[in-house]
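Chemist: Handing you this structure, nothing more for now.
Numbering (our numbering), first residue to last: 1 to 316.
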């Protein structure tokens, strides 16, 4: 009884285990899982992986200077493993978070999908299952490899990821088909079925999310115009210096070139991460603004969480 004063008309109409509820809860769970995984990866894997990759590049250059072909192959083989480890973990973080964004977006269009409630619920379950399969499969690619796989170059991790991706695509395609059927039958029905009153939290998330997306675009444009191509020229110069120092059998010069390359790679990664993360948090703020009618909290707490979310997005 005490909780009923917090429920909006849209929230009251949201049936237990309905497709919108599954998409909202599942989407938020995916986003939280993606953020936590990204934090853990950044703290415990990313920097250590970069250090080991730099060490392998240094070993390869020194082996080349010593004309040790086997040493070069071994060093680059280790680098390939490190880069695959880093790449699959970044892909896991990105895919699970983006699947959460897409889930929230699909929750918003459910009133316009021309399927029965049962069919909508099946599609929501398929979408969430595919999202989990895709993320788990990508994560396992590095660890499983092609062991016991019937394919020469495709391992069971890739098979699981591909199956999850296919399930995702089919679920989204079915949602789009239902959306098309709805508007084909009701071409004049364009008014959203959401409450007319907009709370302070919704306005803050809408305006803050828009500003974050704009800030991300502006930073990306600035980076592309003033940093991207100069960094590419610096990268070519460093690699050229590395080759020269290796041919000159100069260990100190080789180490200096590898350090320069590691620093350049770190600077590039930070710039790209800042650009992508500020846009992603802006999009998340926009999506969260639309699901506020379904959040069972008082307006005071909604406001506090909106301010906390926007503040954290800027600080990150």
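Every residue gets a Cβ at the ideal spot worked out from N, C-alpha and C, and that includes glycine. This one's a predicted model, so the numbers in the text were calculated from it and none came from an experiment.
(1) Can you round the beta-carbon distance between residue 283 and residue 213 to whole angstroms, since I take them to be within the 8 angstroms contact cut?
(2) Give every residue of the same chain whose Cβ lies closer than 8 angstroms to the Cβ of residue 235, excluding the five residues on either side of it in the sequence, and list them in chain order.
(3) For residue 164, count the other beta carbons within 10 Å of its own beta carbon; 16 or more makes it buried, fewer makes it exposed. Which is it?
(4) Assuming residue 91 is part of the alpha helix (DSSP H), what are its boundary residues?
(5) Can you list, in chain order, the residues of its chain with a C-beta nearer than 7 angstroms to that of residue 129? Leave out the 5 residues immediately preceding and following it.
(6) Going by Cα to Cα distance, which pick from 73, 30, 91 and 208 is closest to residue 142?
(7) Throw me the rounded Cβ distance for the residue 34 and residue 96 pair, which I believe falls under 8 angstroms.
(8) Along the alpha helix (DSSP H) that carries residue 38, what are the first and last residues, could you check?
(9) Rounded to a whole number of angstroms, what is the C-alpha to C-alpha distance between residue 303 and residue 24?
(10) Could you pull the start and end residues of the alpha helix (DSSP H) that residue 144 belongs to?
(11) Can you list, in chain order, the residues of its chain whose CB lies under 7 angstroms from that of residue 125, leaving out five sequence neighbours each side?
(12) Quick one: using the 10 Å Cβ neighbour count with 16 as the cut-off for buried, is residue 139 buried or exposed?
(13) Return the CA-CA distance between residue 229 and residue 223, expressed in angstroms with no decimal places.
(14) How big is the Cα-Cα spacing for residue 259 and residue 53?
(15) Quick one: residues in its chain with C-beta nearer than 7 angstroms to the C-beta of residue 249, no 5 flanking neighbours on either side, listed in chain order?
(16) Going by alpha carbons, who is nearest to residue 281 out of 117, 232, 312 and 161?
(17) Grab me the residues of residue 116's own chain with a C-beta within less than 6 angstroms of its C-beta, minus the 5 sequence neighbours each way, in chain order.
Modeler: For this structure:
(1) About 6 angstroms separates the beta carbons of residue 283 and residue 213, which is inside the 8 angstroms limit, making them a contact pair.
(2) Scanning its chain for C-beta atoms nearer than 8 angstroms, with the 5 sequence neighbours on each side dropped, one finds around residue 235 the residues 261 and 264, in chain order.
(3) Answer is buried; the Cβ neighbour count reaches 16.
(4) It spans 69-108 - the alpha helix (DSSP H) in which residue 91 sits, taken as one unbroken run.
(5) Non-local beta-carbon contacts of residue 129 in its own chain, meaning distances under 7 angstroms to residues more than five positions away in sequence, involve 167 in chain order.
(6) Residue 91 is the option with its Cα nearest to residue 142.
(7) Correct: roughly 4 angstroms between the Cβ atoms.
(8) Taken as a continuous stretch (DSSP letters only), the alpha helix (DSSP H) holding residue 38 covers 19-41.
(9) Pairing residue 303 with residue 24, the inter-Cα distance amounts to about 19 angstroms.
(10) Taken as a continuous stretch (DSSP letters only), the alpha helix (DSSP H) holding residue 144 covers 117-144.
(11) Excluding residues within five positions, the ones whose Cβ falls inside 7 angstroms are 22.
(12) Burial state of residue 139 is buried, judged by a 10 Å Cβ sphere holding 16 or more other Cβ atoms.
(13) Residue 229 and residue 223 have their C-alpha atoms spaced approximately 9 angstroms apart.
(14) Going by the C-alpha atoms only, they are around 11 angstroms apart.
(15) For residue 249, where only same-chain residues beyond five positions count, the Cβ hits under 7 angstroms are 65.
(16) Distance from the Cα of residue 281 is smallest, within the candidate group 117, 232, 312 and 161, for 312.
(17) If we look at residue 116 and ignore the five residues flanking it on each side, it has no Cβ neighbours.
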